[in-house]
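Q: Line by line, the protein sequences give chains C and W.
The numbers in numbering that gives the first Met the number 0 rise by one with no breaks, and the one at position 74 of the first sequence is 73.
The numbers in numbering that gives the first Met the number 0 rise by one with no breaks, and the one at position 54 of the second sequence is 53.
Number of protein chains: 2
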Amino acid sequence: MPETSPRPLRADALRNRERLLEAAIQAFSRPGPEVTLDAIARAAGVGIGTLYRHFPTREALIEAAYRNELGKLCDAAPDLLDQSPPDRALRAWMSRFIDYLATKRGMADALRLVIATGANPYAQSRDRLLEALGPLLAAGAAAGTVRADVDTGDVLVSLSGISLAAGERAQADRLLDLLMDGLRHRRTG
Amino acid sequence: MPETSPRPLRADALRNRERLLEAAIQAFSRPGPEVTLDAIARAAGVGIGTLYRHFPTREALIEAAYRNELGKLCDAAPDLLDQSPPDRALRAWMSRFIDYLATKRGMADALRLVIATGANPYAQSRDRLLEALGPLLAAGAAAGTVRADVDTGDVLVSLSGISLAAGERAQADRLLDLLMDGLRHRRTG
DNA sequence: GATGGAAGCGGAGGAGCCTCCGCTACGTCC
DNA sequence: GGACGTAGCGGAGGCTCCTCCGCTTCCATC
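1) For the stretch 89 to 110 of chain C, which residues have a CB atom closer than 7 Å to at least one CB atom of chain W, in sequence order?
2) Check the C-beta distance from residue 80(W) over to residue 138(W) and give it rounded, since I have them as a contact under 8 Å.
3) What would DSSP say about residue 183(W), mapped onto helix, strand or coil?
4) One question on the structure: do residue 110(W) and residue 124(W) come within less than 9 Å of each other, judged by their Cβ atoms?
5) Note down, in chain order, each residue of its chain lying with its Cβ closer than 7 Å to the Cβ of residue 174(W), except the 5 sequence neighbours on either side.
6) What whole-angstrom Cβ distance do residue 142(C) and residue 77(C) have, given they're in contact under 8 Å?
7) Would you mind giving the Cβ-Cβ distance between residue 107(W) and residue 163(W), rounded to the nearest angstrom? I have them listed as a contact below 8 Å.
8) Using 10 angstroms around the beta-carbon of residue 62(C), count the other beta-carbons present and answer buried if the total reaches 16, otherwise exposed.
9) Any idea if residue 3(W) is buried or exposed, counting beta-carbon neighbours within 10 angstroms, 16 or more meaning buried?
10) If you draw a straight line from the alpha carbon of residue 49(W) to that of residue 41(W), how long is it in whole angstroms?
11) Any C-beta of chain C within less than 7 Å: which residues of the stretch 169 to 181 of chain W qualify?
12) How many angstroms separate the CA atom of residue 97(C) from the CA atom of residue 25(C)?
13) Rounding to the nearest angstrom, what Cα-Cα distance links residue 149(C) and residue 168(C) in this structure?
14) Using C-beta distances below 6 Å, list every residue in its chain close to residue 90(C), excluding the 5 sequence neighbours before and after it, in chain order.
15) Residues in its own chain within less than 7 Å of residue 100(W) by CB, not counting five upstream and five downstream?
16) On the DSSP bridge assignment, give the partners of residue 145(C) in chain order.
17) Let me confirm a value: residue 44(W) is counted as buried when at least 16 other C-beta atoms fall within 10 Å, else exposed. Which label applies?
18) Given residue 46(W), which residues of its chain have a CB within under 7 Å of its CB, disregarding the five upstream and five downstream residues?
19) Rounded to a whole number of angstroms, what is the C-alpha to C-alpha distance between residue 58(W) and residue 82(C)?
20) Output, in sequence order along the chain, the residues in the stretch 119 to 149 of chain W whose CB is closer than 9 Å to any CB in chain C.
21) For a quick check, are the C-beta atoms of residue 95(C) and residue 145(C) less than 9 Å apart?
22) Is DSSP giving residue 56(C) helix, strand or coil here?
23) Any idea what DSSP makes of residue 139(C), helix, strand or coil?
24) Hey, is residue 157(C)'s beta-carbon within less than 9 Å of any beta-carbon in chain W?
25) Going by C-alpha distance, which of 31(C), 140(C), 155(C), 17(C) is nearest residue 127(C)?
26) What is the C-beta distance between residue 64(C) and residue 20(C), in whole angstroms, given that I count them as a contact (C-beta under 8 Å)?
27) Could you give the uninterrupted runs of the alpha helix (DSSP H) lying entirely in the stretch 33 to 99 of chain W, keeping only those of 4 residues or more?
28) Would you kindly check if the distance between the Cβ of residue 93(W) and the Cβ of residue 177(W) is under 9 Å?
29) Leaving aside the five residues before and after residue 140(C) along the sequence, list all residues of the same chain whose C-beta is less than 6 Å from its C-beta, in chain order.
30) Using only the alpha-carbon positions, how far apart do residue 103(W) and residue 14(C) sit?
31) Taking the alpha carbon of residue 54(C) as the reference point, which residue from 72(C), 34(C), 31(C), 23(C) has its own alpha carbon closest?
32) Listing by chain order, which chain W residues have their CB less than 9 Å from the CB of residue 163(C)?
33) Let's test the definition: count the other Cβ atoms within 10 Å of the Cβ of residue 171(C) and tell me whether it reaches 16, buried, or not, exposed.
34) How long is the line joining the alpha carbons of residue 30(C) and residue 36(C), rounded to whole angstroms?
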């Protein structure tokens with residue numbers, strides 16, 4: 000249960016928050032170069048100060064804007080597990096993860112922070128991702144095709160690292176293959 | 000042979016360049032929070048425009064400032080190969096690489112660009128790194144402990160990815176282990 | 001050693017980021 | 001339904017980044 004702890008948001012604040020999110024999604028989806036936060040605030044019809052109060056960093060705004068769509072990516076994990084053996088499902092999900100980051104403008108940088116620090120109060124996405132990735136790894140471990148001694152968070156960080164560092168898509172794929180090789184069950188010492 | 004192609008730098012330009020580099024090294028070494036480029040230009044006694052002409056991006060300046068020290072890291076690779084079996088030498092060198100990036104302020108971000116794009120004219124460091132890493136991988140391949148089908152550049156990108164994404168040092172070490180497992184000779188299909 | 005042209009200089013200025021604080025208006029309590 | 005405390009608003013302003021272009025300085029040539 001998110002953000003119900005201290006006190007429900009005031010009516011106008013809630014309205015502004017919604018407007019900001021909508022404007023942000025619009026802005027991030029448009030093809031142009033990069034987006035200024037001032038422009039988003041203006042489009043939402045609120046002051047820049049209001050934007051920063053609701054979303055203290057650019058990352059927080061991006062994360063919130065894409066949270067829904069990111070959810071879909073996470074929801075796809077069980078389906079993949081149904082359709083393929085665990086290690087292939089894992090590889091496929093990771094590939095989609097990279098695709099997702101590549102298309103969402105600024106998402107890779109945002110996720111670096113979100114993934115790196117559980118401390119971030121806006122980082123609900125991190126939990127969702129862990130919940131999607133965990134079962135994939137566990138299924139692989141149960142099947143003996145993925146080692147069992149790897150931390151889910153470490154794999155998530157690896158993925159964000161790959162998306163940050165890789166230049167072209169082909170390189171990201173090679174790095175994913177490398178990661179998969181590291182993740183496979185080590186049949187010899 | 001670097002930057003001798005079109006025309007030797009004018010005397011005053013060369014002097015300014017040296018001053019800027021010196022000021023940058025000083026500034027980056029100081030413990031304080033972050034450094035503004037204006038401050039570096041001021042310390043060097045030149046205008047901000049001059050700084051940007053010599054080093055068109057912050058990354059270019061950082062890269063140039065640390066190039067010498069980075070060279071030492073690269074020079075250490077053959078020594079490591081003398082002292083240990085190739086796979087252990089490789090692991091040790093990668094570990095030093097991470098340490099290096101962690102201590103040099105802003106270096107990880109700078110290297111992302113430097114490593115990702117060979118196009119950057121200031122990216123001599125990329126070549127040095129490739130020349131250091133290549134023999135480590137080759138020696139491992141010759142010994143049969145490291146697979147031979149991995150691109151040196153990909154490994155370099157992986158390292159920069161790890162340094163970018165990893166939170167604490169311990170996590171970076173775990174990711175390096177994972178990478179090493181992926182790099183080892185695959186004894187079974 | 002004078003001179004012309006080009007390499008190089010430098011800082012003003014425009015743009016984005018983010019903070020801070022006086023003002024507004026929400027909603028609660030009587 | 002009035003009044004009061006405070007959550008929330010908004011934008012001016014300070015900071016940094018980076019560009020652009022008129023001015024300065026070098027040096028090749030004679």
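Glycine included, each C-beta is placed from N, C-alpha and C at the ideal position.
A: Let me lay it out:
1) none
2) Taking the second sequence and counting its residues from 1, the one referred to as residue 80(W) is at position 81. Taking the second sequence and counting its residues from 1, the one referred to as residue 138(W) is at position 139. Residue 80(W) to residue 138(W), Cβ: 6 Å. Contact.
3) Position 184 of the second sequence, counted from the start, is the residue given in the question as residue 183(W). If DSSP states are grouped into helix, strand and coil, residue 183(W) belongs with the strands.
4) Start at 1 with the first residue of the second sequence, and residue 110(W) comes out as number 111. Start at 1 with the first residue of the second sequence, and residue 124(W) comes out as number 125. Contact: yes.
5) Here residue 174(W) refers to the residue found at position 175 when the second sequence is read from its first residue. Excluding residues within five positions, the ones whose Cβ falls inside 7 Å are 161, 165.
6) As a position in the first sequence, residue 142(C) is number 143, starting the count at 1. As a position in the first sequence, residue 77(C) is number 78, starting the count at 1. Rounded, the Cβ-Cβ distance is 15 Å, inconsistent with contact.
7) Mapped onto the second sequence, residue 107(W) falls at position 108. Mapped onto the second sequence, residue 163(W) falls at position 164. The beta-carbon separation of residue 107(W) and residue 163(W), rounded to 5 Å, stays under the 8 Å limit for a contact.
8) Here residue 62(C) refers to the residue found at position 63 when the first sequence is read from its first residue. So residue 62(C) counts as buried.
9) Locating residue 3(W) in the second sequence gives position 4, where the first residue counts as 1. At residue 3(W), the pLDDT of 44 sits below 50, so the modelled position is not reliable; the number obtained from the coordinates is stated separately. Residue 3(W) is exposed by the Cβ-count criterion.
10) Within the second sequence, the letter at position 50 stands for residue 49(W). Within the second sequence, the letter at position 42 stands for residue 41(W). The straight-line gap from Cα to Cα measures roughly 11 Å.
11) Answer set for the stretch 169 to 181 of chain W: 170, 173, 174, 177, 178, 180, 181.
12) Taking the first sequence and counting its residues from 1, the one referred to as residue 97(C) is at position 98. Taking the first sequence and counting its residues from 1, the one referred to as residue 25(C) is at position 26. Approximately 22 Å between the Cα atoms of the pair.
13) Within the first sequence, the letter at position 150 stands for residue 149(C). Within the first sequence, the letter at position 169 stands for residue 168(C). The straight-line gap from Cα to Cα measures roughly 25 Å.
14) Here residue 90(C) corresponds to residue number 91 of the first sequence, with the count starting at 1. 179.
15) What you label residue 100(W) is simply residue 101 of the second sequence in a count that begins at 1. Excluding sequence positions up to five before and after residue 100(W), its CB lies within less than 7 Å of the CB of 106, 107, 110, 162, all in the same chain and listed in chain order.
16) Start at 1 with the first residue of the first sequence, and residue 145(C) comes out as number 146. Looking at the DSSP assignment, residue 145(C) forms a beta bridge with 183(C).
17) Locating residue 44(W) in the second sequence gives position 45, where the first residue counts as 1. Result: exposed.
18) Within the second sequence, the letter at position 47 stands for residue 46(W). Correct list, in chain order: 40.
19) Here residue 58(W) corresponds to residue number 59 of the second sequence, with the count starting at 1. Here residue 82(C) corresponds to residue number 83 of the first sequence, with the count starting at 1. C-alpha separation (whole angstroms): 45 Å.
20) Per Cβ criterion, the list reads 146, 149.
21) On the first sequence, position 96 is the one that residue 95(C) refers to. On the first sequence, position 146 is the one that residue 145(C) refers to. Taking 9 Å as the Cβ cut-off, residue 95(C) and residue 145(C) do not qualify as a contacting pair.
22) Residue numbering aside, residue 56(C) sits at position 57 when the first sequence is read from its first letter. Three-state DSSP puts residue 56(C) in coil, outside helix and strand.
23) As a first step, residue 139(C) must be located in the first sequence, where it is residue number 140. In the three-state reduction of the DSSP assignment, residue 139(C) falls in the helix class, which pools H, G and I.
24) Taking the first sequence and counting its residues from 1, one reaches residue 157(C) at position 158. Yes, residue 157(C) lies at the interface with chain W (some Cβ there is under 9 Å from its Cβ).
25) The residue you call residue 127(C) lines up with position 128 of the first sequence. Cα-wise, what sits closest to residue 127(C) is 155(C).
26) Counting from one through the first sequence, the residue named residue 64(C) turns up at place 65. Counting from one through the first sequence, the residue named residue 20(C) turns up at place 21. Correct: roughly 6 Å between the Cβ atoms.
27) Counting only runs that start and end inside the stretch 33 to 99 of chain W, the alpha helix (DSSP H) elements of at least 4 residues fall at 36 to 43, 47 to 53, 57 to 82.
28) By 1-based counting over the second sequence, the position of residue 177(W) is 178. By 1-based counting over the second sequence, the position of residue 93(W) is 94. No, they are not a contact pair.
29) As a first step, residue 140(C) is located in the first sequence; it is residue number 141 there, counting from the start. If we look at residue 140(C) and ignore the five residues flanking it on each side, its Cβ neighbours are 147.
30) Here residue 103(W) refers to the residue found at position 104 when the second sequence is read from its first residue. Here residue 14(C) refers to the residue found at position 15 when the first sequence is read from its first residue. Approximately 45 Å, taken between the alpha carbons.
31) Stepping through the first sequence from its first residue, residue 54(C) is reached at position 55. Of the candidates 72(C), 34(C), 31(C), 23(C), the one whose C-alpha sits nearest the C-alpha of residue 54(C) is 23(C).
32) In the first sequence, the residue the question calls residue 163(C) occupies position 164. 111, 159, 160, 163, 164, listed in chain order.
33) Numbered from its first residue, the first sequence carries residue 171(C) at position 172. With 16 or more other Cβ atoms within 10 Å, it is buried.
34) Stepping through the first sequence from its first residue, residue 30(C) is reached at position 31. Stepping through the first sequence from its first residue, residue 36(C) is reached at position 37. Answer to the nearest angstrom: the Cα atoms are 16 Å apart.
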